[in-house]
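Asks: One structure, as C-alpha cells, below. Some questions next.
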Amino acid sequence: MEPITSIRGFKDILPGESEKWQFVERKAREVFGAYGVRELRIPILEKTDLFRRGIGETTDIVEKEMYTFLDRGEESLTLRPEATAGAIRSYIEHHFYETDPVARLYTIGPMFRRERPQKGRYRQFHQINVEMLGYEDPRVDGELIGMLMAFLTSLGIGDLDLEINSLGCADCRPLFREKVVRYLGDREDTLCPDCQRRLRTNPLRIFDCKVAECREAVREAPVILDSVCDGCRDHFEKVKELLSSIGVPFRVNPRMVRGLDYYKKTAFEVIGHSLGAQNAVAGGGRYDGLVRDLGGPDIPGIGFAIGFERLVSMLPGRDEDYSPAPDIFVATLGREAEDTAFRLLNDLRGKGLRAETDYSGKSLKAQMKRANRSGATHVLIVGGDELAEGALVLRDMKNGVQEKMPIPDAVVKIEEIFHVR
RNA sequence: GUGGGUGUAGCUCAAUGGUUAGAGUGCCGGGUUGUGGCCCCGGAGGCUGAGGGUUCGAGCCCCUUCACUCACCCCA
Numbered sequence: 002m003e004p005i006t007s008i009r010g011f012k013d014i015l016p017g018e019s020e021k022w023q024f025v026e027r028k029a030r031e032v033f034g035a036y037g038v039r040e041l042r043i044p045i046l047e048k049t050d051l052f053r054r055g056i057g058e059t060t061d062i063v064e065k066e067m068y069t070f071l072d073r074g075e076e077s078l079t080l081r082p083e084a085t086a087g088a089i090r091s092y093i094e095h096h097f098y099e100t101d102p103v104a105r106l107y108t109i110g111p112m113f114r115r116e117r118p119q120k121g122r123y124r125q126f127h128q129i130n131v132e133m134l135g136y137e138d139p140r141v142d143g144e145l146i147g148m149l150m151a152f153l154t155s156l157g158i159g160d161l162d163l164e165i166n167s168l169g170c171a172d173c174r175p176l177f178r179e180k181v182v183r184y185l186g187d188r189e190d191t192l193c194p195d196c197q198r199r200l201r202t203n204p205l206r207i208f209d210c211k212v213a214e215c216r217e218a219v220r221e222a223p224v225i226l227d228s229v230c231d232g233c234r235d236h237f238e239k240v241k242e243l244l245s246s247i248g249v250p251f252r253v254n255p256r257m258v259r260g261l262d263y264y265k266k267t268a269f270e271v272i273g274h275s276l277g278a279q280n281a282v283a284g285g286g287r288y289d290g291l292v293r294d295l296g297g298p299d300i301p302g303i304g305f306a307i308g309f310e311r312l313v314s315m316l317p318g319r320d321e322d323y324s325p326a327p328d329i330f331v332a333t334l335g336r337e338a339e340d341t342a343f344r345l346l347n348d349l350r351g352k353g354l355r356a357e358t359d360y361s362g363k364s365l366k367a368q369m370k371r372a373n374r375s376g377a378t379h380v381l382i383v384g385g386d387e388l389a390e391g392a393l394v395l396r397d398m399k400n401g402v403q404e405k406m407p408i409p410d411a412v413v414k415i416e417e418i419f420h421v422r
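Next up, the structure:
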C-alpha cells in the first residue's frame with residue numbers, strides 16, 4: 002500500500018523543532034504583554050471578498066495565490082493568505098471602536114499561499130502579526146517598530162537590518178506614481194520584460210528589481226521621499242527621530258515598496274542575512290484607510306507580520322538547547338520493581354519533575370543506554386535486591402556516582418537536588 | 001507559472017556500463033547474571049523514486065513521469 006504523504010509546501014513541525022516554536026511564542030507573549038498588546042484569535046477561513054477588498058484585486062496574492070473554493074457550491078471561501086484583513090474584520094464586526102477606538106492586537110497562526118515553495122517559503126506558513134488600531138500619531142509607529150526589534154533581540158537573533166521608508170499617503174502617492182510612470186515610460190525599452198509589465202501593474206516595484214539595466218534606469222528616477230507631502234514628510238521625520246531616541250538602528254531605503262496595496266506612509270522591513278533569497282523576516286507598515294475600506298469607520302492603523310519559519314531558522318544554538326531533557330529516568334529489574342517504579346514515577350511527576358522510564362522489559366544495560374540518551378541527569382534504579390530491604394539506587398549520570406538508600410531518603414534527596422517538594 | 005540541481009539503508013553519503021550495491025551514523029544484541037557514555041565483536045535493515053528504452057549486461061546511458069530542492073516571479 003502506498004503511504005500518503007503531506008502536501009507540497011506543507012510541513013510537519015516535529016518534536017525538537019516544535020520546542021523552538023514554543024520558545025518563540027512564549028517570548029512573543031512576554032514582550033507584547035509589556036506593550037499592552039493582547040491576543041486575538043481569528044478563523045483561518047474567511048469569505049473571499051474580505052481578501053479581495055483588503056489586499057487588493059491586482060495583487061499577486063489575490064490574482065493567483067489564494068486557496069479559494071466554493072463551500073457546498075454556494076459561498077466562496079478562502080484560506081487566509083495574511084492576517085490583517087481578518088483582524089480588522091473582527092475589529093469592525095465586534096464594534097471595538099464603540100467602546101474604545103484604540104486596540105492593540107496580536108495574532109499567531111498559519112497562512113496559506115499557493116506559491117512555488119523554496120527556502121523560507123511554504124504554502125502553509127506561519128506569522129506572528131501585530132496590529133495597532135486607532136492611532137495616527139507617529140509615536141505609535143516608533144513604538145511598534147521598537148517593539149518588533151525588542152522582540153527579535155530577546156530571542157537572541159543578531160545579524161538583522163531594519164529598513165524603513167515612507168510610501169506617501171492617499172494624497173501624494175498617486176502623484177508620485179504618475180511621475181515614476183512618466184519617467185520610466187520614456188525608458189521602457191531599457192527595462193527588463195518583467196519591469197515593462199510592472200510599469201502598468203505595480204510601477205513602484207521596479208525600484209526593487211535586481212536586473213542591472215533596471216537598476217540603471219531607476220538610478221536617477223524620482224525618489225518617493227522627495228515627493229511626499231508635508232504631512233507625510235513630518236510624520237516620517239518624527240518616526241526616524243523616535244527610533245534614534247530609543248537606540249534602534251535603521252537604514253532608510255527609499256526604494257523599498259510593499260506588496261500589499263493597503264500600505265501608506267511608514268513602511269518597514271527586517272532583513273535577515275542568513276535567510277537566502279527570501280530574506281525578509283518581518284515586514285509591515287501603516288494602513289490608514291483600510292478599516293474604512295473594509296466597511297468600518299475611518300480609523301488609522303499600523304502593523305507588522307513576522308515570518309515564523311524564517312524566524313525559527315535564525316535562532317541561535319542547537320535544537321537541543323530548546324528541548325529540556327528529563328530530570329530523572331527510572332530503570333527497573335523484576336516484576337515487583339516495575340510496580341514500585343510505576344508508583345514512583347507518578348509521585349515524581351506529581352512534584353513537577355520530568356520523569357521517564359522504559360517499558361520494553363529489556364536488560365538494565367539497555368535501559369541505562371536509553372537513560373543516557375534521554376539526557377536525564379539522574380537515574381533511579383529500582384532493583385529486586387534493594388527493594389527487598391525497602392531501598393533503591395540513585396545514580397548521578399554526570400559523574401557516575403551512585404548510592405543505595407531507603408526509598409524515603411531517596412525521595413528527600415531528589416527533592417533537594419531539584420528544589421521541589 | 002518558468003528555469004537549474006538532486007533522487008542509492010531510518011539519516012548523511014560512496015560505488016569506470018561488468019561478480020552478491022558499500023561506508024559512516026543510528027537501531028538491535030554480545031563483550032559485563034544488575035549499570036549509560038569510550039572501545040571491540042556480531043546482526044537486522046535496499047524493488048538504487050516510478051515506468052519505459054538502449055545493451056550480452058544499467059544504480060550508472062536515453063526518454064517519460066513523480067518527488068525533493070534552489071532560484072526567478074512574489075513575499076513573511
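Numbering-wise (this note's numbering), the first sequence opens with residue 2 and increments by one. Ideal placement from N, C-alpha and C gives every residue a C-beta, glycine not left out.
I'd like to know if the stretch 107 to 123 and the stretch 264 to 282 are in contact, where contact means that at least 3 CB-CB pairs between them fall below 8 Å.
Replies: The answer is yes - the stretch 264 to 282 touches the stretch 107 to 123, with three or more Cβ pairs under 8 Å.
Asks: Can you grab the Cα-Cα spacing for the pair K483 / G55, in whole Å?
Replies: Because the chain here runs from 2 to 422, residue 483 falls outside it and cannot be looked at.
Asks: Looking at P327: is its Cβ nearer than 7 Å to the Cβ of S361?
Replies: Counting from 1 along the first sequence, the entry for residue 327 is found at position 326. Counting from 1 along the first sequence, the entry for residue 361 is found at position 360. In this structure, S361 does not lie closer than 7 Å to P327 by Cβ.
Asks: Within 10 angstroms of its Cβ, does Q23 collect 16 or more other Cβ (buried), or is it exposed?
Replies: Residue numbering aside, residue 23 sits at position 22 when the first sequence is read from its first letter. Label assigned to Q23: exposed.
Asks: Count the C-beta pairs between the stretch 80 to 100 and the stretch 138 to 153 that are closer than 8 Å, then say yes if the count reaches three, no if not.
Replies: Too few Cβ pairs lie closer than 8 Å, so no.
Asks: Is it buried or exposed for K65, if we count other Cβ within 10 angstroms and need 16 for buried?
Replies: Residue 65 sits at position 64 when you count from the first residue of the first sequence. Under this definition K65 is an exposed residue.
Asks: Among E20, E31, R178, whose alpha-carbon lies nearest the alpha-carbon of E310?
Replies: In the first sequence, the residue the question calls residue 310 occupies position 309. Comparing Cα-Cα distances from E310 to each of E20, E31, R178, the minimum goes to E20.
Asks: Note the first and the last residue of the continuous beta strand (DSSP E) segment covering I300.
Replies: Numbered from its first residue, the first sequence carries residue 300 at position 299. I300 -> no beta strand (DSSP E), and no H or E assigned at all.
Asks: Kindly identify the DSSP beta-bridge partner or partners of L381.
Replies: Residue mapping note: residue 381 aligns to position 380 of the first sequence, counting from 1. Note: L381 sits in a beta bridge opposite V331, L395.
Asks: Taking 7 Å as the threshold (C-beta atoms), are E40 and G87 in contact?
Replies: On the first sequence, residue 87 is found 86 positions in, with the first residue counted as 1. On the first sequence, residue 40 is found 39 positions in, with the first residue counted as 1. Going by C-beta atoms, G87 is not nearer than 7 Å to E40.
Asks: Is L80 helix, strand or coil when you go by DSSP?
Replies: Numbered from its first residue, the first sequence carries residue 80 at position 79. Reduced to three states, the DSSP call for L80 is strand.
Asks: Could you check which residue in R344, V313, R178, D359 has the C-alpha nearest to that of I225?
Replies: Position 224 of the first sequence, counting from 1, holds the residue named residue 225. It is R178.
Asks: Could you give the first and the last residue of the continuous alpha helix (DSSP H) run that contains K180?
Replies: Translated into the one-based positions of the first sequence, residue 180 becomes position 179. 174 to 186 is the span of the alpha helix (DSSP H), which, as asked, contains K180.
Asks: Can you name, in chain order, every residue of its own chain whose Cβ lies under 6 Å from the Cβ of D172, other than the five neighbours on each side?
Replies: Taking the first sequence and counting its residues from 1, the one referred to as residue 172 is at position 171. Answer for D172: C230, listed in chain order.
Asks: Take the Cβ of P16 as the centre, count every other Cβ of all protein chains shown within 10 Å, and call the residue buried at 16 or more, exposed below.
Replies: As a working note, residue 16 is residue 15 in the first sequence. So P16 counts as exposed.
Asks: Just grab the DSSP bridge partners of V249 for me.
Replies: Here the question's residue 249 lines up with position 248 in the first sequence. DSSP, once it has assigned bridges, lists no residue as partnering V249.
Asks: Is it right to say G285 is buried, meaning 16 or more other beta carbons lie within 10 angstroms of its own, or is it exposed?
Replies: As a position in the first sequence, residue 285 is number 284, starting the count at 1. Burial call: buried.
Asks: Output needed for S314: all residues of its chain with C-beta closer than 8 Å, excluding positions within five of it in sequence on either side, in chain order.
Replies: As a working note, residue 314 is residue 313 in the first sequence. Closer than 8 Å at Cβ, skipping near neighbours: G121, S275, L276.
Asks: Give me, in chain order, the residues of the same chain whose beta-carbon lies closer than 7 Å to that of V74; leave out the 5 immediate sequence neighbours on both sides.
Replies: For the purposes of this step, residue 74 is taken as residue 73 along the first sequence, with counting starting at 1. First, the residue type needs correcting, since residue 74 is Gly and not Val in the sequence shown. Once the five neighbours on either side are set aside, G74 has no close Cβ partner at all.
Asks: At what residue ranges does the stretch 78 to 163 contain a whole run of the alpha helix (DSSP H), taking only runs of 4 or more?
Replies: As far as the stretch 78 to 163 is concerned, its whole alpha helix (DSSP H) runs of at least 4 residues are 85 to 94, 97 to 100, 139 to 155.
Asks: In chain order, which continuous runs of the beta strand (DSSP E) of length 3 or greater are located wholly inside the stretch 256 to 309?
Replies: If we require 3 residues or more, the beta strand (DSSP E) runs fully inside the stretch 256 to 309 come out as 265 to 273, 281 to 287, 302 to 308.
Asks: Closest to R396 by CA distance: which of K363, R350, V383, I43 is it?
Replies: On the first sequence, residue 396 is found 395 positions in, with the first residue counted as 1. R396 has its Cα closest to that of V383, out of K363, R350, V383, I43.
Asks: Answer with buried or exposed for P407, where buried requires no fewer than 16 other C-beta atoms within 10 angstroms of its C-beta.
Replies: If you number the first sequence from 1, residue 407 lands on position 406. Per the 10 Å Cβ criterion, exposed.
Asks: With C-beta atoms as the reference, is Y68 less than 7 Å away from L80?
Replies: Within the first sequence, numbered from 1, the residue matching residue 68 stands at position 67. Within the first sequence, numbered from 1, the residue matching residue 80 stands at position 79. For Y68 and L80, yes; Cβs fall inside 7 Å.
Asks: Within 10 Å of its beta-carbon, does A213 have 16 or more other beta-carbons around it, so buried, or fewer, so exposed?
Replies: By one-based count along the first sequence, residue 213 stands at place 212. Its Cβ having fewer than 16 others within 10 Å, A213 is exposed.
Asks: Starting from E357, trace the beta strand (DSSP E) in both directions and tell me its first and last residue.
Replies: Position 356 of the first sequence, counted from the first residue, corresponds to residue 357. Counting along the chain, the beta strand (DSSP E) containing E357 begins and ends at 356 to 358.
Asks: Between R199, I418, E387, which has its C-alpha nearest L185's C-alpha?
Replies: Here residue 185 corresponds to residue number 184 of the first sequence, with the count starting at 1. Ranking R199, I418, E387 by Cα distance to L185 puts R199 first.
Asks: Which stretch, first to last residue, makes up the alpha helix (DSSP H) that contains D410?
Replies: Indexing the first sequence from 1 puts residue 410 at position 409. Counting along the chain, the alpha helix (DSSP H) containing D410 begins and ends at 408 to 419.
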